[in-house]
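Q: Numbering (the working numbering), first residue to last: 5 to 591.
All C-beta atoms in this analysis are idealised placements derived from N, C-alpha and C, irrespective of residue type, glycine included.
Source: prediction; values computed, not measured.
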Amino acid sequence: MYRTHTCGELTIGNANQTITLSGWLQRSRDLGGMTFIDLRDRYGITQLAFNMETNATLCTEARKLGREYVLQVTGVVKERESKNAKITTGDVEIIVTELKVLNASITPPFTIEENTDGGDELRMKYRYLDLRRNAVRKNLELRHRMAIETRNYLDKLQFLEVETPVLIKSTPEGARDFVVPSRMNEGEFYALPQSPQTFKQLLMVGGFDRYYQIVKCFRDEDLRADRQPEFTQIDCEMCFVEQEDILNTFEGLVKHLFKTVKNVDIPTLTRMTFAHAMKYYGNDKPDIRFDMQFKYLKGDGADLTAGKGFKVFDDAECVIAINAIGAATYTRKQLDELTDWVKRPQIGASGLIYARVSADGIKSSVDKFYDVDTLQHWATATTAKDGDLLLILAGSTNKTRKAMSELRLLMGTQLGLRKSDTFAAHWVVDFPMLEWDEETKRYHAMHHPFTSPKPEDIHLLNERAGEARANAYDMVINGVEVGGGSIRIHDAALQSQVFSLLGFTKEQAEYQFGFLMNAFKYGAPPHGGIAFGFDRLCSLFGGSETIRDYIAFPKNNSGRDVMIDAPSLISPEQMKELAIATVLNTK
RNA sequence: GGUCUGGUAGCUCAGUUGGUUAGAGUGCAUGCCUGUCACGCAUGAAGUCGCGGGUUCGAGUCCCGUCCGGACCGCCA
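1) Can you tell which of Asp34, Gly12, Gln30 has its C-alpha closest to the C-alpha of Thr24?
2) Consult DSSP for Thr111 and reduce its assignment to one of helix, strand or coil.
3) Taking only runs of the beta strand (DSSP E) that begin and end inside the segment 86-149, which ones reach a length of at least 3 residues, in chain order?
4) Note down, in chain order, each residue of its chain lying with its Cβ closer than 6 Å to the Cβ of Ile491, except the 5 sequence neighbours on either side.
5) Measure the alpha-carbon distance for Ala583 versus Tyr515 and round it to whole angstroms.
6) So what's Pro459 in DSSP terms, helix, strand or just coil?
7) Exposed or buried, what is His430 when buried is set at 16 or more other beta-carbons lying within 10 Å of its beta-carbon?
8) Just list the residues that DSSP pairs Ser26 with in beta bridges.
9) Can you give the Cα-Cα distance for His494 and Asp213, rounded to whole angstroms?
10) What does DSSP give as the partner residues of Thr274 in its beta bridges?
11) Over what stretch of residues does the alpha helix (DSSP H) that includes Lys259 continue unbroken?
12) Cα-Cα, which of Ile16, Ala523, Glu410, Ile568 is closest to Ala325?
13) Would you list the one or two residues that DSSP bridges to Ile49?
14) Determine the DSSP secondary structure at Leu393, reduced to helix, strand or coil.
15) Cβ of Glu83 within 8 Å of Cβ of Ile41?
16) Alpha carbons only, please: which of Asp539, Leu544, Gly547 is nearest the one belonging to Phe557?
17) Is Gly488 closer than 8 Å to Val534 when the C-beta atoms are compared?
18) Let me confirm a value: Lys580 is counted as buried when at least 16 other C-beta atoms fall within 10 Å, else exposed. Which label applies?
19) Compute the distance between the beta-carbons of Cys397 and Thr404, then report whether it is under 8 Å.
20) Would the segment 259-272 count as touching the segment 424-440 if we require 3 or more Cβ pairs under 8 Å?
21) Helix, strand or coil, according to DSSP, for Gly191 in the structure here?
22) Report the rounded CA-to-CA distance for Leu14 versus Val81, giving the unit in angstroms.
23) Check whether the segment 60-74 and the segment 103-120 touch, using three or more Cβ-Cβ pairs below 8 Å as the test.
24) Do the segment 354-370 and the segment 288-303 meet, that is, are 3 or more Cβ pairs less than 8 Å apart?
25) Is Phe545 helix, strand or coil when you go by DSSP?
26) Please report the distance separating the alpha-carbon of Arg348 from that of Gln578.
27) Which of helix, strand or coil does DSSP assign to Leu438?
28) Go ahead and label Met208 buried or exposed: buried means 16 or more other beta carbons lie within 10 angstroms of its beta carbon, across all protein chains shown.
29) Could you spell out where the alpha helix (DSSP H) holding Asp511 opens and where it closes?
30) For Asp318 and Asp307, what's the separation of their Cα atoms in angstroms?
31) Measuring CA to CA, which of Gly547, Arg187, Gly330 is closest to Leu395?
32) I'd like the list of long-range same chain contacts for Gly94, defined as Cβ closer than 6 Å, with 5 residues on each side in sequence excluded.
33) What is the rounded straight-line gap between the Cα of Met296 and the Cα of Tyr194?
34) Taking Phe222 as the reference, which of Glu190, Ile172, Gly256, Lys337 has the closest Cα?
35) Measuring straight from C-alpha to C-alpha, what distance separates Gln338 and Thr417?
36) Would you identify the three-state DSSP class for Lys591, choosing helix, strand or coil?
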């Protein structure tokens, strides 16, 4: 028997018991006559004590042990002379009588401690060592708890977890597919699923009226801190439901997770239309932990800027202001920094106008053009009070909204309004069905090609398809899109009309999705669903920006696994067997 | 595809205007130390300054190229 207890459970109640522990040597303190060793496992740390007076042989042996040696010790639990309140086992120590080195270790490349000295890249390369650290382990424990509670909630509501295939068919819409060559079908390829979308719809046709799956999805696109080439979704689908049913069911899921995992009660989720979100936050996933909504000094029917000869505003399609409450103390230097920030190509504003509101009046960077009365109108329109700062951007509507959205988030961060332990969850609804793609000069589906239009907007599909809204919805928490879904089309005729809007010929639609349209001919029930980004949800609950912290073996920025060094070349024999050859792109 | 940013000891980083032998903390090794728990003290080893080229009397430092990270834009239905 390797152990009778774990390293996290012995207390004063176990005093005088003879026990056996196994674990890793976290750190040793050699005091000459005595040596202390911290023995670590998943559950905690227990101090081992060796004394030169009572057992010189063992103590001498203990002094030679290095970090991360795997040890098995037997000894007697004893109350400590000097206790350590920082750890749960801090009242006791083990007077070791037998010591066995189960395995030695070379010195690890970084220290395996709460505050490691290792950088990200190194820790990724030695991920199995990083996993020994408390912080990383806790994140994965959180993920486990989230998964268990998701299953608990959905199971109680009669959802069935059904697995769907991983080797499927490539589809042209959406993200790039990862493809897998088929040896048995020379020249043909499987694709890894971007999501189990069509399969879950087929499960609905198959009568599984409540399905879910915690499932890997694959998208071959460029990565970010919150994106991995393979990631996990909580994928769900329901029959005989309307949008309202889905919103209620999954609002329940999120509330359940907050309650059981974090013991937080979150209020009923508010709802916002896509149009409203874009207009007042410039963003389809607004962070509503703080207000700071857009006010239109020009555009949206208002014009508080005209006739003063300020060309920038006069030429602009819209002029948008936000009120940064209490930020009138911003110095000229800070404001210049903000200006530089919005002018970066990623933000793309051409400049930033500001106005400080104070007891002495309003001072703006456009005093030359606008008199006190006009500035006062601006302040009134934005409900700015003494001590507040107006930040104003002007230009074309879409660009200005987008830039202002980024500025709003920056100001929210700078003013401490985006605390990671505060949660504001809401729904964004009524997304447009289609999005015009300038590059390809055609519409593509904003959500996906199976999303049903709102019934009252179906008539728009023929004439003004861009205006048609979909029965699609996103759940947003703290400005992060954690989930999204839609009511699906269950009518073969409407589905083929949508395919044709998306530029598919009949033949292409048949080739790509014939199986689905066929299935719809056999009595497809009305259905809809949603999918949550499980990794993002975990990182949100854990208070971290990056989902890599919540994935046991993540990939780096360029999609490499630096630990196993993948992807990698394969042998010419493998290539031949698969009937494939590579033609490298020249730069 | 683009913008920004970084690469110096095992690790985390400093390194001024281009100027003598490239430093610190930590880790590691050795020694001392009987109540430590980030133990303490002392000594020591440890460097292809990412790589290649250029400018210069002289390059960690400046220039060009390249490789490898990171953040972001595009992209991600």
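A: Let me spell this out:
1) As a working mapping, residue 24 is identified with position 20 in the first sequence. Ranking Asp34, Gly12, Gln30 by Cα distance to Thr24 puts Gly12 first.
2) Working through the first sequence from its first residue, we reach residue 111 at position 107. Three-state result, Thr111: coil.
3) Every beta strand (DSSP E) stretch that sits fully inside the segment 86-149 and reaches 3 residues is listed by chain position as 96-107.
4) Walking along the first sequence from the start, residue 491 turns up at place 487. Taken in chain order, the residues that qualify are Gln247, Ser456, Asn475, Gly532.
5) As a working note, residue 583 is residue 579 in the first sequence. As a working note, residue 515 is residue 511 in the first sequence. Ala583 and Tyr515 have their alpha carbons spaced roughly 23 Å apart.
6) Position 455 of the first sequence, counting from 1, holds the residue named residue 459. Pro459 falls in the helix class under three-state DSSP.
7) Stepping through the first sequence from its first residue, residue 430 is reached at position 426. His430 should be labelled buried.
8) Indexing the first sequence from 1 puts residue 26 at position 22. Note: Ser26 sits in a beta bridge opposite Gln76.
9) Here the question's residue 494 lines up with position 490 in the first sequence. Here the question's residue 213 lines up with position 209 in the first sequence. Going from the Cα of His494 to the Cα of Asp213 covers about 14 Å.
10) Here residue 274 refers to the residue found at position 270 of the first sequence. Its beta-bridge partners are His430.
11) The residue labelled residue 259 in the question sits at position 255 within the first sequence. Here the alpha helix (DSSP H) through Lys259 covers 247-266.
12) What you label residue 325 is simply residue 321 of the first sequence in a count that begins at 1. Taking each of Ile16, Ala523, Glu410, Ile568 in turn and checking the Cα distance to Ala325, the smallest one comes out for Glu410.
13) Walking along the first sequence from the start, residue 49 turns up at place 45. Ile49 is bridged to Arg44.
14) For the purposes of this step, residue 393 is taken as residue 389 along the first sequence, with counting starting at 1. DSSP places Leu393 in strand when its eight states are reduced to three.
15) As a working mapping, residue 83 is identified with position 79 in the first sequence. As a working mapping, residue 41 is identified with position 37 in the first sequence. No, the pair does not count as a contact, with Cβ atoms beyond the cut-off.
16) To locate residue 557, count along the first sequence from 1; it is residue 553. Nearest of Asp539, Leu544, Gly547 to Phe557, Cα basis: Asp539.
17) Along the first sequence, one-based indexing puts residue 534 at 530. Along the first sequence, one-based indexing puts residue 488 at 484. In the sequence on display, residue 534 carries Ile and not Val. Yes, the Cβ-Cβ distance between Ile534 and Gly488 is below 8 Å.
18) Residue numbering aside, residue 580 sits at position 576 when the first sequence is read from its first letter. The residue is exposed, with fewer than 16 neighbouring Cβ atoms inside 10 Å.
19) In the first sequence, counting from the first residue as 1, residue 397 sits at position 393. In the first sequence, counting from the first residue as 1, residue 404 sits at position 400. At residue 397 the sequence reads Leu, which differs from the Cys that was named. Remark: C-beta atoms of Leu397 and Thr404 approach each other more closely than 8 Å.
20) The segment 259-272 and the segment 424-440 touch, with no fewer than 3 CB-CB distances between them shorter than 8 Å.
21) Mapped onto the first sequence, residue 191 falls at position 187. It is coil, neither helix nor strand.
22) Taking the first sequence and counting its residues from 1, one reaches residue 14 at position 10. Taking the first sequence and counting its residues from 1, one reaches residue 81 at position 77. In this structure, the CA atom of Leu14 is about 8 Å from the CA atom of Val81.
23) A contact exists between the segment 60-74 and the segment 103-120.
24) At 8 Å Cβ cutoff, the stretches do not touch.
25) Here residue 545 refers to the residue found at position 541 when the first sequence is read from its first residue. In this structure, DSSP gives Phe545 a helical state, which the three-state scheme calls helix.
26) Walking along the first sequence from the start, residue 348 turns up at place 344. Walking along the first sequence from the start, residue 578 turns up at place 574. Taking the straight line from one Cα to the other gives about 47 Å.
27) Within the first sequence, numbered from 1, the residue matching residue 438 stands at position 434. In the three-state DSSP reduction, Leu438 falls in the strand class (E or B).
28) Locating residue 208 in the first sequence gives position 204, counting from the first residue. A residue is called buried once 16 or more other Cβ atoms fall within 10 Å of its Cβ, and Met208 is buried on that count.
29) Residue numbering aside, residue 511 sits at position 507 when the first sequence is read from its first letter. According to the sequence displayed, residue 511 carries Glu and not Asp. Element bounds for Glu511: 510-524.
30) Residue numbering aside, residue 318 sits at position 314 when the first sequence is read from its first letter. Residue numbering aside, residue 307 sits at position 303 when the first sequence is read from its first letter. In this model, Asp318 and Asp307 are separated by some 10 Å (Cα to Cα).
31) Looking up residue 395 in the first sequence gives position 391. Considering only Gly547, Arg187, Gly330, the residue with the shortest C-alpha distance to Leu395 is Gly330.
32) By one-based count along the first sequence, residue 94 stands at place 90. Close CB contacts of Gly94 within its chain, under the 6 Å cut and outside five residues either way in sequence, are with Lys87, Asn88 (chain order).
33) As a position in the first sequence, residue 296 is number 292, starting the count at 1. As a position in the first sequence, residue 194 is number 190, starting the count at 1. Rounded to the nearest whole angstrom, the C-alpha separation of Met296 and Tyr194 is 48 Å.
34) Locating residue 222 in the first sequence gives position 218, where the first residue counts as 1. Minimum Cα-Cα distance from Phe222 among the listed residues Glu190, Ile172, Gly256, Lys337 corresponds to Ile172.
35) Here residue 338 corresponds to residue number 334 of the first sequence, with the count starting at 1. Here residue 417 corresponds to residue number 413 of the first sequence, with the count starting at 1. Note on geometry: alpha-carbon atoms of Gln338 and Thr417 lie some 14 Å from one another.
36) As a first step, residue 591 must be located in the first sequence, where it is residue number 587. Interpretation of Lys591 is limited by its pLDDT of 47, a score under 50 that renders its predicted location unreliable; no figure is taken from the coordinates.
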